[in-house]
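Using my numbering, read the sequence shown as starting at 36 and increasing by one per residue.
What follows is a short report on a single structure.
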Amino acid sequence: IIWSIVPFENNLDYLNTKMINIPSNKADFDMLISVYKGTELEGFVLGIINLENLFLPMIDDLKEQYMLLLSNEDNTVFTSSNWKKPQKAFTVNQSITLQNTAVINLSLAPTDEHINSQIVSALKTLIISLLFSLIIIIAVHFAQKSNKLSRLNESRYRNLLEEVELVAVILDNNGRINFCNDYLLHIT
36 IIWSIVPFEN
46 NLDYLNTKMI
56 NIPSNKADFD
66 MLISVYKGTE
76 LEGFVLGIIN
86 LENLFLPMID
96 DLKEQYMLLL
106 SNEDNTVFTS
116 SNWKKPQKAF
126 TVNQSITLQN
136 TAVINLSLAP
146 TDEHINSQIV
156 SALKTLIISL
166 LFSLIIIIAV
176 HFAQKSNKLS
186 RLNESRYRNL
196 LEEVELVAVI
206 LDNNGRINFC
216 NDYLLHIT
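Right, here's the structure in full:
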């Protein structure tokens, strides 16, 4: 809400008089904004921002997940309805300076329920990942075991073909010889 435009001449007296007559509460944030016409200072706009009205619509959408605390110097200006002392590691604190004079300290923290739901979600993901990894390890184990048996059977088959007194030849798809036993070489 912009209460008034303060004229440049005698603005301090006018401002002090105006400020006394303006009703305010602890969620109000007073601010002077310089008004220029080109490069000439024309005066100031006296603005009073009600932080509760400013932040409440945003917090209503996020109140299940986050808590908000606004303070001005050492005074608490606004707290969301779900505010309670958050876990320190999860709190984000930021100071905002307006017009080089006014400072708003903002503290944002996830609610305990949001933290717990994220932890449960992470645990579910971890358990599913571990089960999937276990399935892959078991599949690799059986594939290696099957490959080992296959090589063993191939070795036994090759030994059998090498030792038998029969002609043994293995051709590829192009008709090239991949294997022939010594008996074939012996009779040719």
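For glycine and all other residues, C-beta sits at the position ideal for the given N, C-alpha and C.
_By DSSP's criteria, Leu143 is part of a beta bridge. Which residues make up the other side?_
Residue 143 sits at position 108 when you count from the first residue of the sequence shown. According to DSSP, which records beta bridges pairwise, Leu143 is partnered with Leu103, Val127.
*Would you report the Cα separation of Lys159 and Thr146, rounded to the nearest angstrom?*
Sequence index remark: in the sequence shown, residue 159 carries index 124 (1-based). Sequence index remark: in the sequence shown, residue 146 carries index 111 (1-based). Those two C-alpha atoms are separated by around 20 Å.
*What did DSSP end up calling Leu201 once you bin it into helix, strand or coil?*
The sequence position of residue 201 within the sequence shown is 166, counting from 1. Reduced to three states, the DSSP call for Leu201 is coil.
_Spatial neighbours of Pro92 in its chain, beta-carbon cut-off 8 Å, leaving aside the 5 residues before and after_ = Numbered from its first residue, the sequence shown carries residue 92 at position 57. Answer for Pro92: no residue qualifies.
*Lys119, DSSP secondary structure in three states*: Sequence index remark: in the sequence shown, residue 119 carries index 84 (1-based). Residue state, collapsed to three classes: coil.
_8 Å CB neighbourhood of Ser130 in its chain, flanking five on each side removed_ = Residue numbering aside, residue 130 sits at position 95 when the sequence shown is read from its first letter. Cβ within range, chain order: Val138, Ile139, Asn140, Leu141.
*Cα separation between Glu108 and Ser69?*
The residue given as residue 108 occupies position 73 in the sequence shown. The residue given as residue 69 occupies position 34 in the sequence shown. Looking at the two C-alpha atoms, the distance is approximately 23 Å.
*What does Thr132 pair with, by DSSP beta-bridge criteria?*
Against the sequence shown, residue 132 aligns to sequence position 97. Val138, per the DSSP bridge assignment.
*asked:* Taking the straight line between their C-alpha atoms, what separation do you get for Ser116 and Val127?
replied: The sequence position of residue 116 within the sequence shown is 81, counting from 1. The sequence position of residue 127 within the sequence shown is 92, counting from 1. Between Ser116 and Val127, the C-alpha separation is close to 18 Å.
*Could you tell me which of Lys119, Ala144, Ile205 sits nearest to Phe2, measuring between CA atoms?*
Beyond the ends of the chain as shown, which are 36 and 223, falls residue 2; an answer cannot be given.
*asked:* Between Arg186, Asn110, Glu148, Thr223, which has its C-alpha nearest Lys119's C-alpha?
replied: Your numbering for residue 119 matches position 84 in the sequence shown. When only C-alpha atoms are compared, the closest one is Glu148.
*Which value, in whole angstroms, describes the spacing of the CA atoms of Ile170 and Glu189?*
Numbered from 1 along the sequence shown, position 135 holds the residue referred to as residue 170. Numbered from 1 along the sequence shown, position 154 holds the residue referred to as residue 189. Answer to the nearest angstrom: the Cα atoms are 28 Å apart.
*What number of angstroms, rounded off, separates the C-alpha of Phe113 from the C-alpha of Ser106?*
The residue you call residue 113 lines up with position 78 of the sequence shown. The residue you call residue 106 lines up with position 71 of the sequence shown. In a straight line, the C-alpha of Phe113 is about 7 Å away from that of Ser106.
*Starting from Asp217, trace the alpha helix (DSSP H) both ways and give me its first and last residue.*
To locate residue 217, count along the sequence shown from 1; it is residue 182. Where Asp217 is concerned, the enclosing alpha helix (DSSP H) stretches over 217-222.
*Residues in its own chain within less than 8 Å of Arg193 by CB, not counting five upstream and five downstream?*
As a working note, residue 193 is residue 158 in the sequence shown. Contacts found: Phe214.
*asked:* Taking a contact to mean a Cβ-Cβ separation below 8 Å, would you say Tyr218 touches Val202 in this structure?
replied: As a first step, residue 218 is located in the sequence shown; it is residue number 183 there, counting from the start. As a first step, residue 202 is located in the sequence shown; it is residue number 167 there, counting from the start. For Tyr218 and Val202, yes; Cβs fall inside 8 Å.
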